[in-house]
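Those sequence lines, one after another, are chains A and B.
Counting the first sequence from 1 gives a position; this note's numbering is that position plus 682.
Counting the second sequence from 1 gives a position; this note's numbering is that position plus 41.
Ideal Cβ positions, reconstructed from N, Cα and C, are used throughout, including at glycine.
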Amino acid sequence: MSKTYFTEEHEWISVDGDIGTVGITDYAQHALGDIVFAELPAIGAAATKGKEIAVVESVKAASDVYSPVTGEVTGSNSAVADQPGLINESPEENGWFFKIRLSNAADLDGLMDRAAYDAFLKGLE
Amino acid sequence: MRYLPLTETDRQAMLAAIGVQDTDALFRDVPKAARRDAPVDLPHHASEMEVEARFIAMAGKNLSAGCAPFFLGAGAYRHHVPATVDALIQRGEFLTSYTPYQPEVAQGTLQYLFEFQTQVALITGMEVANASMYDCATACAEAAAMAARITKRKKVILSGDLHPHYRSVTASTLQFTDIEVEALDPDPLGMEDLIGRVNGSTACVIVQNPSFFGRLKDLKALADECHAEGALLVVAVAEPVSLGLIASPGEMGADIVVAEGQAIGNALNFGGPGLGLFATRDKYLRQMPGRLVGQTADVDGRRGWVLTLSTREQHIRREKATSNICTNSGLCALAFSIHMTLLGEEGFTKLARLNHAKAVQLAESLAKVKGVKILSQSFFNEFAITLPKPAAEVVEALAKKGILAGVPASRFYPSYPELAEVLLVTATETNSEADIAAFAKALNEVL
């Protein structure tokens, strides 16, 4: 059974065993507007918690996506590369960015769960 | 409103407000020795007629390109610019418009930039070109940085064939980055081994074709080697008219092409402004610096133009932008584009053939002069010769005879005594047979 965590930079990571799936939140896609391009990491790339790993571009801005955990990239979502609008339509499911093998499960400790993230968003209003 | 708003009363009021006796007191911290105690010795104002007469007398000291047989090149080329070019670029809509930050109301500007990009992509043999850079030298530096971004490697190799200005601007621009520049020695005979230097840490190799010394090169093997090692090949072109005749860098496998566009539609203008051309492969589009115009359709399906992929640029992406350049050499690009349009594909090829024919004629004439040796085995419209005397002296002697003979290599490479007798000479469509004969005759006299 997977569990989903959130960062203050509006990434989510859904973890199943030692594999996490990473994307940006509905709040993030909404703030960015129409997304036109996503630059995804190559399989095998090393990701460091808190460091930029992908780029997402909308008609308004280009933003870095930070890796919520340290690990090795094991997959990237070609559907998003072909059809970046998927990130707007289904940010927290079909619009995922990449999969990562966690080096250290303790990386998840500082992240928020759904309830904490919702409260965090309320604080941003 | 007064043009000079500060009266003596204003000044006194300001000084009183900050509690200072006089203006000199504001400069107290400047050491006395560095301060000027008397006014600058400038001439008094003169009437418009006097100024004009004085400037005409000063200009008369120049031997200008249009007034003498002219054989200079080395990065700036004299070609005929049709009167239409100047007449059109001086229309107010073009002349006074700035980079289109509100693109939707600048459709005319965007359309000509789109056409410019198309022309640049076609002549370089590449898939995409931007709306121009400042000049070839800065474009070279941008290409090196772009190659480092794409390959995630830190080493760029500059061929000794690269124009020394491009080389020095590239090195200056990159000196405070983590990119390492390996610049090879000048190579008039084309002996350097670039292929042997490319390895798994090379971001790119930058070569020039035709070379600074005029030599034409087949870059296919170098391109293959670069690609085998995961490096990019950047080709610089100083004389874009050559592209009407020789295989394009794209055909030979270049990943990025940079060029100096001055030679097409733009005069020599005492050395500037230049026009940087920048083209690359579609797959590297998002790493390309600079303005990019795209074609689109409005809500009614009519053709229109936009600035596209602006998220690469610094006005949107700030410090993460692909480059600090956020503008383009619009008016020079327009002149280029108008001249190219007037020439058309056929005219462009004809112009290139004519240039080569003139250069061959020049080489044949100069080769007959005692003591002159043609160094370049193959060339387009420019080649290197060796003289039995220092080239700089020969150029001076010929200038006294009213011939602008070429550019001594020592002007760029003063610390290479082996290049002291090397002279770069160029012939274009502007050189008549009489010019060429006069050059050969005068050269014979001064040697």
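Considering B/Ala-467, what are the terminal residues of the beta strand (DSSP E) in which it resides?
The sequence as given places Thr at residue 467 of chain B; Ala does not occur at that position. Run containing B/Thr-467: 463 to 467, per the beta strand (DSSP E) assignment.
Quick one: any contact between the stretch 341 to 349 of chain B and the stretch 175 to 191 of chain B, if contact means 3 or more CB pairs under 8 Å?
Between the stretch 341 to 349 of chain B and the stretch 175 to 191 of chain B there are fewer than three C-beta pairs closer than 8 Å, too few to call the two in contact.
Select from the stretch 328 to 359 of chain B all residues with a C-beta closer than 7 Å to any C-beta belonging to chain A, and list them in chain order.
Residues of the stretch 328 to 359 of chain B with a Cβ closer than 7 Å to any Cβ of chain A, in chain order: Thr-352, Ile-357 and Arg-358.
Among the residues of its own chain, which have a CB less than 7 Å from the CB of B/Ala-279, if the five just before and after it don't count?
Cβ neighbours of B/Ala-279 beyond the five flanking positions: Gly-116, Cys-177, His-204, Gln-249 and Glu-301.
Against chain B, does A/Ala-727 count as a neighbour if the rule is that its beta carbon must be under 8 Å from one of theirs?
Chain B places no beta carbon closer than 8 Å to that of A/Ala-727, leaving this residue out of the contacts.
When the Cβ atoms of the stretch 474 to 484 of chain B are set against those of the stretch 109 to 127 of chain B, are three or more pairs found closer than 8 Å?
Pairwise C-beta distances place the stretch 474 to 484 of chain B in contact with the stretch 109 to 127 of chain B, as three or more of them are shorter than 8 Å.
What residue does the alpha helix (DSSP H) around B/Val-487 start on, and which one ends it?
Residues 474 to 487.
Can you pull the DSSP bridge partners for B/Gln-249?
According to DSSP, B/Gln-249 bridges with B/Ala-277.
If we ignore side chains and look at the alpha-carbon of each, how far apart do B/Ala-489 and B/Phe-480 end up?
This structure does not reach residue 489 of chain B, given that chain B is present from 42 up to 488, and the question cannot be answered.
Pick helix, strand or coil for A/Leu-809, following the three-state DSSP scheme.
In the structure as shown, chain A starts at 683 and stops at 807, and residue 809 of chain A therefore has no counterpart that could be examined.
A/Phe-719 and A/Val-747 closer than 8 Å at C-beta:
Not a contact, by the Cβ cut-off of 8 Å.
Start-to-end residues for the alpha helix (DSSP H) that takes in A/Tyr-688
Before going on, a small fix: residue 688 of chain A reads as Phe here, not Tyr. A/Phe-688 -> not in any alpha helix (DSSP H); beta strand (DSSP E) instead, spanning 685 to 688.
What three-state label does DSSP hand B/Arg-52 in the structure shown?
In the structure shown, B/Arg-52 sits in a helix (DSSP, three-state: H, G or I).
Residue(s) in a DSSP beta bridge with B/Ala-393
Per DSSP, B/Ala-393 has no beta bridge partner at all.
For B/Arg-77, count the other beta carbons within 10 Å of its own beta carbon; 16 or more makes it buried, fewer makes it exposed. Which is it?
Exposed, since its Cβ has fewer than 16 Cβ neighbours within 10 Å.
Could you tell me the distance, in whole angstroms, from the CA atom of B/Glu-168 to the CA atom of B/Ala-184?
Distance from the CA of B/Glu-168 to the CA of B/Ala-184, rounded to the nearest whole angstrom, comes to 16 Å.
Opposing strand residues paired with A/Ser-740 [DSSP bridges]:
In the DSSP output, where bridge partners are listed per residue, A/Ser-740 has A/Ile-717.
Can at least three beta-carbon pairs, one atom from the stretch 306 to 323 of chain B and one from the stretch 366 to 384 of chain B, be found at a separation below 8 Å?
Cβ pair count under 8 Å is three or more, so yes.
Less than 8 Å between the beta carbons of A/Glu-693 and A/Val-704, yes or no?
The criterion of a C-beta distance shorter than 8 Å is satisfied by A/Glu-693 and A/Val-704.
Mind pulling the chain B residues with CB within less than 9 Å of A/Ala-801?
Neighbours of A/Ala-801 on chain B: none; closest Cβ ~30 Å, over 9 Å.
With distances taken Cα to Cα, identify the nearest neighbour of B/Val-413 among B/His-397, B/Gln-148 and B/Ala-432.
Distances from the alpha-carbon of B/Val-413 to those of B/His-397, B/Gln-148 and B/Ala-432 put B/Ala-432 closest.
Can you give me, in chain order, the residues of the stretch 755 to 777 of chain A that have a beta carbon less than 8 Å from any beta carbon in chain B?
With the criterion set as a beta carbon lying under 8 Å from some beta carbon of chain B, the stretch 755 to 777 of chain A has no members that meet it.
Of the listed residues B/Ala-75, B/Glu-437 and B/Gly-443, nearest to B/Pro-449 (C-alpha basis):
Proximity to B/Pro-449 across B/Ala-75, B/Glu-437 and B/Gly-443 peaks at B/Glu-437, based on C-alpha coordinates.
Helix, strand or coil at B/Leu-230 [DSSP, three-state]
Looking at B/Leu-230 - three-state DSSP - the assignment turns out to be coil, as it is neither helix nor strand.
In angstroms with no decimal places, state the Cα-to-Cα distance between B/Lys-102 and B/Phe-424.
Roughly 29 Å between the two C-alpha positions.
Given that a residue counts as buried once 16 or more other Cβ atoms are within 10 Å of its Cβ, and exposed if not, what is B/Lys-430?
B/Lys-430 is exposed by the Cβ-count criterion.
Amino acids of chain B, ordered along the chain, whose beta-carbon sits closer than 8 Å to that of A/Ala-744
Here the neighbours are Thr-352, Arg-353, Ile-357, Arg-358 and Lys-361.
Compare the beta carbon distance of B/Asp-296 and B/Val-275 with 8 Å and say whether it is the shorter of the two.
With respect to the 8 Å criterion, B/Asp-296 and B/Val-275 are classified as neighbours on the basis of their beta carbons.
Give a yes or no on whether the C-beta atoms belonging to B/Leu-225 and B/Leu-199 are separated by under 8 Å.
Yes, these two residues count as a Cβ contact at 8 Å.
Could you say if the stretch 396 to 409 of chain B and the stretch 456 to 470 of chain B meet the contact criterion of at least three C-beta pairs nearer than 8 Å?
Taking 8 Å as the limit for Cβ pairs, the verdict is that the stretch 456 to 470 of chain B does touch the stretch 396 to 409 of chain B.
Just tell me which of B/Gly-371, B/Val-435 and B/Ala-98 has its CA closest to the CA of B/Asn-485.
Sorting B/Gly-371, B/Val-435 and B/Ala-98 by C-alpha distance to the C-alpha of B/Asn-485 places B/Val-435 at the top.
Please look up how many angstroms separate the CB atoms of A/Ile-782 and A/Ser-749, rounded, as I've assumed it's under 8 Å.
Taking the Cβ atoms as the reference, A/Ile-782 lies roughly 7 Å from A/Ser-749, within the contact range of under 8 Å.
Hey, is A/Glu-739's beta-carbon within less than 8 Å of any beta-carbon in chain B?
At a cut-off of 8 Å between beta carbons, A/Glu-739 contacts chain B.
Those residues which DSSP pairs with A/Tyr-748 across a bridge
Looking at the DSSP output, A/Tyr-748 sits in a beta bridge with A/Glu-734.
State whether the stretch 154 to 170 of chain B contacts the stretch 325 to 343 of chain B, with contact taken as three or more CB pairs (one from each stretch) at a distance under 8 Å.
When Cβ pairs closer than 8 Å are counted between the two stretches, the stretch 154 to 170 of chain B is seen to touch the stretch 325 to 343 of chain B, the count reaching three or more.
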